[in-house]
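See structure below.
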Amino acid sequence: MTTNNGIISQSSPYSVGETIDRLVAVLQAKNITIFARIDQQVEAEKVGLSLRPIQLLLFGSPKAGTPLMVAEPTIALDLPLKVVAWEAANDKVWLSYNDAQYLKQRFSLSDELVKNIDVIAPLIHQALL
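Under UniProt numbering, the sequence shown has 86 at position 86, and the numbering climbs by one with no breaks.
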């Protein structure tokens, strides 16, 4: 696992698609809403461009996110939560997401509020087992 500029990246032993599939299953089991899944490789191909496998997943809970947006409306730039699974040039797959502590600092969130979004790491751990 690496952290760079508030982004945490964790390697995945699965393909990009399977990594996102596994995370979706964990999120759905926890009744967390999946707002969108974007296959950016497919979208690039639609315009004649080439891109390594990469998929973006937007998910969250209005119950958890709304209090954050009430306190700091601009956090809506980073909500719903997002993860991106991507394949590096060496064929290694990574799953990357914003560090909740980075978002806490960026938006001056209280410890109590940041708990609403500090959920990604355990969910990813469960998905990658």
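Where is the CB? At the ideal position from N, CA and C, for every residue including glycine.
Keep in mind the model is a prediction, meaning the values are calculated, not measured.
| field | Given Gln-126 as reference, the closest of Ile-8, Ile-34 and Leu-27 once Cα atoms are compared | value | Leu-27
| said: Taking the straight line between their C-alpha atoms, what separation do you get for Pro-122 and Tyr-102? | reply: 17 Å
| Best match in Asn-31, Val-16 and Asn-4 for proximity to Ala-88 [C-alpha to C-alpha] | Val-16
| said: Considering only the alpha carbon of each residue, which of Asn-116, Lys-92 and Thr-33 lies closest to Gln-10? | reply: Lys-92
| Euclidean distance between Cα positions of Tyr-97 and Val-83 | 5 Å
| said: Run through the DSSP bridge pairs and tell me what Tyr-97 is partnered with. | reply: Ile-8 and Val-83
| request: List the endpoints of the continuous beta strand (DSSP E) containing Leu-56. | output: 54-60
| Between Glu-45, Gly-65 and Thr-19, which lies nearest to Val-119 when the distance is taken from Cα to Cα? | Gly-65
| field | Residue nearest to Ile-32 in terms of C-alpha spacing, selected from Pro-53, Pro-13, Phe-59 and Leu-49 | value | Phe-59
| query | By how many angstroms is the C-alpha of Val-114 removed from the C-alpha of Ala-76? | reply | 14 Å
| task | Count the other CB atoms, across all protein chains shown, that sit within 10 Å of the CB of Thr-19; report buried if there are 16 or more and exposed otherwise. | result | buried
| field | Pairwise C-alpha distance: Ile-7 and Gln-40 | value | 19 Å
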